[in-house]
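Visitor: The following block contains the structure, expressed as structure tokens.
2 protein chains.
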Amino acid sequence: MSEPNQGLSIGQVAELTGLSVHALRFYEREGILLTSVRRGAGGRRVYGAGDVEWLHLCVSLRASGMPLPAIRQYADLVRRGAGNEEHLLTLLRQQQDRVTAQIAQLTGTLGLITHKISSYTRELAQGATGPITCTPPPRT
Amino acid sequence: MSEPNQGLSIGQVAELTGLSVHALRFYEREGILLTSVRRGAGGRRVYGAGDVEWLHLCVSLRASGMPLPAIRQYADLVRRGAGNEEHLLTLLRQQQDRVTAQIAQLTGTLGLITHKISSYTRELAQGATGPITCTPPPRT
DNA sequence: CTACGAGTTAGAGCCGACTCTAGATCAACC
DNA sequence: GGTTGATCTAGAGTCGGCTCTAACTCGTAG
């Protein structure tokens, strides 16, 4: 139970990021990580705080629907260092647009669901009599 | 090009819903549709306006991350008719929660991306000198 | 000293959601 | 009557993203 504060095992990183150890090795093979992970005694992976931070970003990006190849491309640019800011910005702005569109889409769907919920609730309250009232949504 | 206004071909429905004809047949096999599709001359599918409306809902739900089995379950309940409003409401409220959570998550990620964009932009404007400034996000 | 738990590799397997193929049928136009 | 284009069925294939397996190596606790 030593905690040198620098150097986490793959299991610890899995817990911190919510990824499985399998997924972590997979991400590494796929070139998602910025630097090749350090190895400790017996060839075991040793992750640093920076790795975890980066992985958190990756998890967020994945959750926002960015595919792994796109994340790898982003990682490549960051790895390559200065001189690629323009390209990086382009990628980021694209994802910004996609996420914005997704939020809009989800907000629409949420409205639809909410509308259905209120119709069913009304129906239940009034003691449903007829067949299912397939209330058309206010707007799609 | 006859348009009897009631009765659309699978191709027309594909255009209207954005699903492929393959996907439409697949959805039918999977029990996603409320009623078995009518058949016209030569066994061809004939969709009604209601089918299209339902499919639009399905597309929305899919886009909000609802898996096909869940949509089928929902369809089953609607098909079964009155007496299942409670169950329907439960399903809908669950999806409502999921979508709400998703929007929150996406909003967070959007903030992260926006933050990164502004750092890179600032960096570019000031003439990048050092190595990539991996500015930590304000909040995750 | 041995048993355990956590790690290692390469590679196979799985799941969801389509997507495509092959071979047949049909309606309509020239 | 032949060609075109949309449709039909059953079933195979694809793709992304993991997930799992087998066989092995460590380091530590009992």
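Taken in order, these protein sequences are the chains called A and B.
FYI, our numbering numbers position 21 of the first sequence as 21, with every residue one higher than the one before it.
Whatever position you read off the second sequence (first residue = 1), add 1000 for our numbering.
Cβ coordinates follow ideal geometry from the N, Cα and C atoms, glycine included.
The structure presented is a predicted model; accordingly, all values stated were derived computationally and were not measured.
One question on the structure: do Leu55/A and Thr1100/B come within less than 8 angstroms of each other, judged by their Cβ atoms?
Guide: Counting from one through the first sequence, the residue named residue 55/A turns up at place 55. Counting from one through the second sequence, the residue named residue 1100/B turns up at place 100. No, Cβ-Cβ distance for Leu55/A and Thr1100/B is not below 8 angstroms.
Visitor: Taking Ile32/A and Ile71/A to be in contact with their CB atoms under 8 angstroms, please state how far apart those CB atoms are, rounded to whole angstroms.
Guide: Residue mapping note: residue 32/A aligns to position 32 of the first sequence, counting from 1. Residue mapping note: residue 71/A aligns to position 71 of the first sequence, counting from 1. Indeed they touch by this definition, with Cβ atoms about 6 angstroms apart.
Visitor: Does the beta-carbon of Ala1075/B have 16 or more other beta-carbons within 10 angstroms, so that it is buried, or is it exposed?
Guide: Here residue 1075/B corresponds to residue number 75 of the second sequence, with the count starting at 1. Counting Cβ neighbours within 10 Å, Ala1075/B comes out buried, since at least 16 surround it.
Visitor: Identify every run of the alpha helix (DSSP H) within the region 68 to 131 of chain A, keeping only runs that are complete inside it and at least 4 residues long; order them along the chain.
Guide: 68 to 80 and 85 to 125
Visitor: Between which two residues does the alpha helix (DSSP H) harbouring Arg1025/B extend?
Guide: If you number the second sequence from 1, residue 1025/B lands on position 25. Taken as a continuous stretch (DSSP letters only), the alpha helix (DSSP H) holding Arg1025/B covers Val1021 to Arg1029.
Visitor: By DSSP, does Leu8/A sit in helix, in strand, or in coil?
Guide: Position 8 of the first sequence, counted from the start, is the residue given in the question as residue 8/A. Correct three-state label for Leu8/A: strand.
Visitor: Can you give me the C-alpha to C-alpha distance between Gln1126/B and Gln1073/B, rounded to a whole angstrom?
Guide: Here the question's residue 1126/B lines up with position 126 in the second sequence. Here the question's residue 1073/B lines up with position 73 in the second sequence. For Gln1126/B and Gln1073/B, the distance between alpha carbons rounds to 56 angstroms.
Visitor: Give a yes or no on whether the minimum CB-CB distance between Arg72/A and chain B is below 8 angstroms.
Guide: Position 72 of the first sequence holds residue 72/A. Taking Cβ atoms only, chain B never reaches closer than 8 angstroms to Arg72/A, which makes this a no.
Visitor: With 8 angstroms as the C-beta to C-beta threshold (strictly closer), list the residues of the region 94 to 128 of chain A near chain B in chain order.
Guide: Gln95, Gln96, Val99, Thr100, Gln102, Ile103, Gln105, Leu106, Thr107, Gly108, Thr109, Leu110, Leu112, Ile113, Thr114, Lys116, Ile117, Tyr120, Thr121, Glu123, Leu124 and Ala128
Visitor: Alpha carbon to alpha carbon, what distance is there between Leu1124/B and Leu88/A?
Guide: Taking the first residue of the first sequence as 1, we reach residue 88/A at position 88. Taking the first residue of the second sequence as 1, we reach residue 1124/B at position 124. Taking the straight line joining both Cα atoms gives about 11 angstroms.
Visitor: What's the call for Gln1095/B, buried or exposed, on a 16-neighbour Cβ count within 10 Å?
Guide: By 1-based counting over the second sequence, the position of residue 1095/B is 95. So Gln1095/B ends up on the buried side.
Visitor: Nearest CA to the CA of Tyr1047/B: which residue from Ile1117/B, Val1037/B and Glu1053/B?
Guide: Locating residue 1047/B in the second sequence gives position 47, counting from the first residue. Cα-wise, what sits closest to Tyr1047/B is Val1037/B.
Visitor: On the three-state DSSP scale, how would you describe Val1037/B?
Guide: Indexing the second sequence from 1 puts residue 1037/B at position 37. Coil, per DSSP.
Visitor: What is the rounded straight-line gap between the Cα of Gly1130/B and the Cα of Leu16/A?
Guide: Translated into the one-based positions of the second sequence, residue 1130/B becomes position 130. Translated into the one-based positions of the first sequence, residue 16/A becomes position 16. Only weak support exists for where Gly1130/B lies, its pLDDT of 47 falling under 50; the value from the coordinates is given anyway. Whole-angstrom Cα-Cα distance: 30 angstroms.
Visitor: Buried or exposed: Ser1118/B, going by 16 or more other Cβ atoms within 10 Å of its Cβ?
Guide: Taking the second sequence and counting its residues from 1, one reaches residue 1118/B at position 118. By the 10 Å Cβ count, Ser1118/B comes out exposed.
Visitor: Could you give the DSSP three-state label for Arg1044/B: helix, strand or coil?
Guide: As a first step, residue 1044/B must be located in the second sequence, where it is residue number 44. Coil, per DSSP.
Visitor: Would the beta-carbon of Leu1019/B fall within 8 angstroms of that of Val1059/B?
Guide: Here residue 1019/B refers to the residue found at position 19 of the second sequence. Here residue 1059/B refers to the residue found at position 59 of the second sequence. For Leu1019/B and Val1059/B, yes; Cβs fall inside 8 angstroms.
Visitor: Counting only C-beta atoms, is Glu1015/B closer than 8 angstroms to chain A at any point?
Guide: Here residue 1015/B refers to the residue found at position 15 when the second sequence is read from its first residue. By this cut-off, Glu1015/B is not an interface position.
Visitor: Hey, is Ser1009/B's beta-carbon within less than 8 angstroms of any beta-carbon in chain A?
Guide: Here residue 1009/B refers to the residue found at position 9 when the second sequence is read from its first residue. Answer no: the Cβ-Cβ gap between Ser1009/B and chain A never drops below 8 angstroms.
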